[in-house]
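Participant: Mind having a look at this structure? Questions to follow.
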Amino acid sequence: MGSYFSRTGEDHETSNDTVDIQPSNAFGETHGRRPHKRRRLNQEKTRKGKDIPPPTRAMNNSRDNTTQKTMCNEKPSSDDQRLRSDSMDRRGNSSAVIKGSEDVKEADALKANARRPRKRKFVVFLGYNGEKYYGMQINPGVVTIERVLLSAFHKAGLISDENKESPGKVQWMRAARTDKGVSAIVQCVSAKLEVFPQQINDPQLIASINDHLPEDVQVYGILRPTGGFNARADCHRRRYEYIFPVRLLGGPNGVQKENEVGKGDPRATKLNSILKRFEGTHCFANFTDGLSGSDDASRRYMISLSCSQPFKPPKSGVFYVSVEIYGQSFLLHQIRKMIGLSLYVYHGHAPEETLSVALCPNVKIHTPMAPALGLLLENLIFDNYNKRFKDVLEQPISSDAFREAKMKFKAHEVYRRIAEKERNERVLETWVKNYRERFQYKHEEIRELHQKFVLSDVGKEEQRKQYVASLYPIKTSLSDFLDCDAPEMMKMATALSCQFSERYDVPPTFLARAPGRVNLIGEHLDYNGLPVIGVALRQGSMLAGCLDDTEVIEVQHVRRDVYHRGKLRADGLRMALENEDDRLDSDWIQYVSWGVKAAIAGLPKGKRAVSGGGRVLISGDLPLASGLASSSSLVTLSALATARLNRKRIPKQEIALRGAEGERIGAGTRGGAVDHAISMCASKGCAVHVSFTPRIAVRSLLLPKNAVLVAVGSNVKARKGFDELVKQQFNLRAAECRIAAAILARRLEVHLEKSVTTPGQLLFQAKKTSKLQCRTISTLREKALEAMPISEVVSLEDVKEQLGVQEVELQNRFLIGVKAETFAVGKRMSHVFSEAERVEQFFELLTNEENDDRAKLEGMGRILEEGHRSLRDYYESSCSEVDELVEFCLANGAVGSRVTGAGWGGFTISVVPVEKKDSFLKAVTKRVGKGSVIEVEPSGGACVLAIHGVLGGPDRKRSQAVADGMK
């Protein structure tokens, strides 16, 4: 069947639009098409040059062209008449007359477009059975509700060919996400659709959409909201339902006799008493994936939870109960885990205290997840929106307008199919019978946790301490700020403060520093979602700054003979300067800009300062383009300073992730976040283990006392941010890893294989795939080598065929700007999985108390050597100068040496026995020079020094002590 408009023809051509400019109405629309802003400016200039008065605005919506002409002060030109004729045709009042055109096809196309309405905002209510779908939202490579819905809208003529693959262009937004297998009685999407307002009540339009939808998805109807309506943001409450056979609660298949009059079935009463524990605002970090108790996103408000009396769905023959969950918003898997834990407690497999412990923010425990079969989205509430716009809405935005269709679909398409599947496969019953075999709670342990974290104040105090520890630190003494006794660091901080006062005529109110880093093992794993181990350097970037009431950040470098000054808006956008000196380096300002933008993006709009401006002076002692994260250090420092300028304390890990994202977008390199994470979260005297899947986590590792780390430069620069050749090679490696992980996911048939784009996701999903029995990176490496030989190289056409993707998806998901014809996927995966295995070995080596320092030293050396060979032979990210330097270091006393950083030049890192340190330093200094040798002293992470008061108020005594210490 064709589109709705191809069938209805001329019956729906007319609309209330006019070509004259009218004030916008309540729906965010104008009654005519206003010219583009630039065109209006040009028209304004033309009128000024010719003394032509502006046209008078029409005061009504009359379609009489003669009346409209008399309302203008000037006779229209022939061009104006032609434009007016075309616009009349778009309103359906006359045929298009294209003067001087010989192209009949073009004329026919214009006539066809003239009958089409322009895009307007609508809200579409629908329901679906989610058994065959991978959730509501679009996921690449899998069938979802939104994918079939967009296809149906396009076939029905509501979305154009240009917009069918780009939902963002029509402002597409769903009211709620649903997981794989979850159904919905009421779901809605808001979008700009090409349909006239008077047509939304036409049954033929709804029938046209449903004709292109499968039977288990049904559109109920369309309503007209205001132009700024957003289905997700304007839906302030959601009601879910979870149904299951009543016999799963024990007792007969039917309504059990009441123990007390008016109390109903005692099984429902008992379950209700358990469900009530979830009501109110709680931390649901234990009921989802990827969140910790310190994350604000883990807190959710549950309005009510209740269990219904037993009822019998159509054609089921079995009594069911329904648990209604009513709240503002929900996390991934939250409802299914709430139901799962409630049933555990109901059957006595877990003590009642488990509920309180699971809701405690600073306790991490396992929570069982019930099957998706019984879960459905029951209703969406827009009461606040309807009250706000009650005077302009034709009718409230509510599913009540389609109650009959909704209830019919609920009974016959959702309830009936759930009952049929449960009767045939016993999904829910099998889960309840077997869940105790999968996991058992230790009752005594749960009660101890309940006593410690729920009944006493100790848990609350520990939670407060954990939250404070997660924030970036503010120091009040110079020695704590520098985190070392090196005189050169003290000299650097003092000189920076003095120069700031000289240049800006005001003293700085704070200092900030962000160290560089050295990766010990795990190179090129962070952007692949796998762990890395590294250390923070004493060297890094340092900044002096002061706050002011402007909205401009003035930036200078201590070496103004080399680096250009700059100005940024408070949101990070760079401002033009007068009399710029082309001889000075201005690229460095970009890194500051990326850090500022990243920090601002991480601040909620309601928490951003009014101004956020200030003046900063930056210095640093890291070698540039050396693989020691000099650029990431500057980006991290800028993000940290921006948080201070906005008077906000932000968690360290959030600054690291935001900084990495800002640098990735700005520089165009597809790197990860390990540089920024180590710079922000490192501990003095320790190495740092950083993992990224399913969320970022940082652990400190003590290094052996008999090991000395020395970084030696090859004197080969590799600026991956601005060197196009290095950037191209770096991004190519990242693209090869994404392609290889996606191909392996399909060959190994892992869980949700089509969603995998990194080796880290591959490992995460492989652990969920029971038939693989893959719980460690070593097992995955073995299976990957069987499925993908080291010598395997694939072409661009091979990738499209094996992944089953088109050119657009290939570019957006995998290549991301990379231009290449072949991809060495075998070699890249060989390095990634072997390197990840070496990270595990390194971690176990340092954490195993049975290993003495000698064993740790030798083990570290062996792992570093293996890592360099892999980078050289399989990842091909080294160069001849670096390879020769590694061999030189090994020949002069190092037990292990490898390239560090992105590669293609830069520094190496060597592990040297303490007794051979002096001879080793002498030999490498003679070869590369004193400036290219750094004895690594593991430093603490980034921090701020408050000079004229700590955050939250002035403290003159501390300020004076800090100032005296810097003299």
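Going by the UniProt record's numbering, the letters in the sequence shown line up with residues 1 to 967, in that order. Positions of the beta carbon are idealized from the N, C-alpha and C atoms, including for glycine.
Is it the case that the stretch 706-715 contacts the stretch 919-938, given that we only count it when at least three CB pairs across the two stretches are under 8 Å?
Facilitator: Taking 8 Å as the limit for Cβ pairs, the verdict is that the stretch 706-715 does touch the stretch 919-938.
Participant: Judging by CA-CA distance, which residue of 182, 213 and 230 is the nearest neighbour of residue 174?
Facilitator: Minimum Cα distance to residue 174 is reached at 230.
Participant: Less than 9 Å between the C-beta atoms of residue 241 and residue 377, yes or no?
Facilitator: Yes.
Participant: Measure the beta-carbon distance from residue 216 to residue 129 and round it to whole angstroms, keeping in mind my assumption that it falls under 8 Å.
Facilitator: At roughly 4 Å, the Cβ-Cβ gap stays under 8 Å, so residue 216 and residue 129 are in contact.
Participant: CB residue 371 to CB residue 528, shorter than 9 Å?
Facilitator: No, these two residues do not count as a Cβ contact at 9 Å.
Participant: Going by DSSP in three states, residue 221 sits in which element: helix, strand or coil?
Facilitator: Note: residue 221 maps to strand in three-state DSSP.
Participant: Using CA atoms only, rank isn't needed, just tell me which of 650, 858 and 739 is closest to residue 804.
Facilitator: For the residues 650, 858 and 739, the minimum Cα distance to residue 804 belongs to 739.
Participant: Anyone know if the C-beta pair for residue 271 and residue 321 falls short of 9 Å?
Facilitator: It is a contact, given that the beta carbons lie within the stated cut-off.
Participant: Ordered along the chain, which non-local residues of its own chain (more than five positions away) have a Cβ less than 7 Å from that of residue 987?
Facilitator: The structure shown does not extend to residue 987, since the chain is modelled only from 1 through 967, so no value can be given for it.
Participant: Rounding to the nearest angstrom, what Cα-Cα distance links residue 445 and residue 451 in this structure?
Facilitator: Those two C-alpha atoms are separated by around 10 Å.
Participant: Taking 9 Å as the threshold (C-beta atoms), are residue 298 and residue 331 in contact?
Facilitator: Contact flag set, yes.
Participant: What are the start and end residues of the beta strand (DSSP E) that includes residue 187?
Facilitator: 183-194 is the span of the beta strand (DSSP E), which, as asked, contains residue 187.
Participant: Taking the beta strand (DSSP E) that residue 233 belongs to, which residues open and close that run?
Facilitator: Neither: residue 233 is in no beta strand (DSSP E) and is coded neither H nor E.
Participant: Pick out the complete beta strand (DSSP E) segments inside the UniProt domain "GHMP kinase C-terminal" (857-924), 3 residues or longer, and give them in chain order.
Facilitator: Counting whole runs of 3 or more residues, the UniProt domain "GHMP kinase C-terminal" (857-924) contains the beta strand (DSSP E) stretches 896-899 and 907-913.
Participant: Find the nearest neighbour of residue 154 within the set 210, 750 and 187, judged by alpha-carbon distance.
Facilitator: Closest option to residue 154, Cα to Cα, is 210.
Participant: Quick one: give me the first and last residue of the alpha helix (DSSP H) that residue 796 is part of.
Facilitator: Looking at the DSSP string, the run of the alpha helix (DSSP H) that includes residue 796 is 796-803.
Participant: Helix, strand or coil for residue 585, going by three-state DSSP, please let me know.
Facilitator: In this structure, residue 585 counts as strand in the three-state DSSP scheme.
Participant: Leaving out the 5 sequence neighbours to the left and right, which residues in its chain are closer than 6 Å to residue 277 when beta-carbon positions are compared?
Facilitator: Closer than 6 Å at the Cβ level, and outside the excluded window around residue 277, lie 355.
Participant: In the DSSP assignment, the beta strand (DSSP E) including residue 510 goes from what residue to what residue?
Facilitator: Residues 510-521.
Participant: Taking the Cβ atom as the reference point for each residue, do residue 969 and residue 346 lie within a distance shorter than 9 Å?
Facilitator: Look at the range of the chain in this structure, 1 to 967, and you will see that residue 969 is not part of it.
Participant: For residue 757, does the three-state DSSP call read helix, strand or coil?
Facilitator: If DSSP states are grouped into helix, strand and coil, residue 757 belongs with coil.
Participant: Tell whether a beta-carbon distance below 9 Å holds between residue 596 and residue 618.
Facilitator: Not in contact: residue 596 and residue 618 (Cβ atoms no closer than 9 Å).
Participant: When you compare only the Cα positions, how much space is there between residue 928 and residue 517?
Facilitator: If I take the Cα positions, the gap works out to 20 Å.
Participant: Residue 379 lies in the beta strand (DSSP E); which residues open and close that run?
Facilitator: Residue 379 -> beta strand (DSSP E) spans 375-381.
Participant: Answer with buried or exposed for residue 874, where buried requires no fewer than 16 other C-beta atoms within 10 angstroms of its C-beta.
Facilitator: Under this definition residue 874 is a buried residue.
Participant: For residue 302 and chain D, any beta-carbon pair shorter than 9 Å?
Facilitator: You won't find chain D in this structure, because it holds only one protein chain.
Participant: Report back the beta-carbon spacing between residue 514 and residue 624 to the nearest angstrom; my notes put them in contact at under 8 Å.
Facilitator: The Cβ separation is near 15 Å, so there is no contact.
Participant: Quick check: the Cα distance between residue 139 and residue 185, rounded to an integer number of angstroms?
Facilitator: Using only the alpha carbons, I get a separation of about 22 Å.
Participant: Which complete beta strand (DSSP E) runs does the stretch 611-648 hold, if anything under 3 residues is left out?
Facilitator: Listed in chain order, they are 614-620.
Participant: Spatial neighbours of residue 796 within its chain, please: CB distance less than 7 Å, with the 5 preceding and 5 following residues excluded, ordered by chain position.
Facilitator: Hits under 7 Å: 821.
Participant: How many Å lie between residue 947 and residue 176 at the Cα?
Facilitator: Going by the C-alpha atoms only, they are around 48 Å apart.
Participant: Quick one, are the C-beta atoms of residue 645 and residue 612 less than 9 Å apart?
Facilitator: A contact, by the Cβ cut-off of 9 Å.
Participant: DSSP puts residue 266 in a beta bridge; with which residues?
Facilitator: Beta-bridge pairing links residue 266 to no other residue.
Participant: Does the count of Cβ pairs from the stretch 905-923 and the stretch 883-890 closer than 8 Å reach three?
Facilitator: As far as the Cβ criterion goes, the stretch 905-923 touches the stretch 883-890, which means the pair count is three or higher.
Participant: Can you tell me whether residue 361 is buried or exposed? The criterion is at least 16 other CB atoms within 10 Å of its CB, across all chains shown.
Facilitator: Classification for residue 361: buried.
Participant: Answer yes or no: do residue 835 and residue 878 have a C-beta to C-beta separation smaller than 9 Å?
Facilitator: No; because the gap between Cβ atoms is not below 9 Å, this pair is not in contact.
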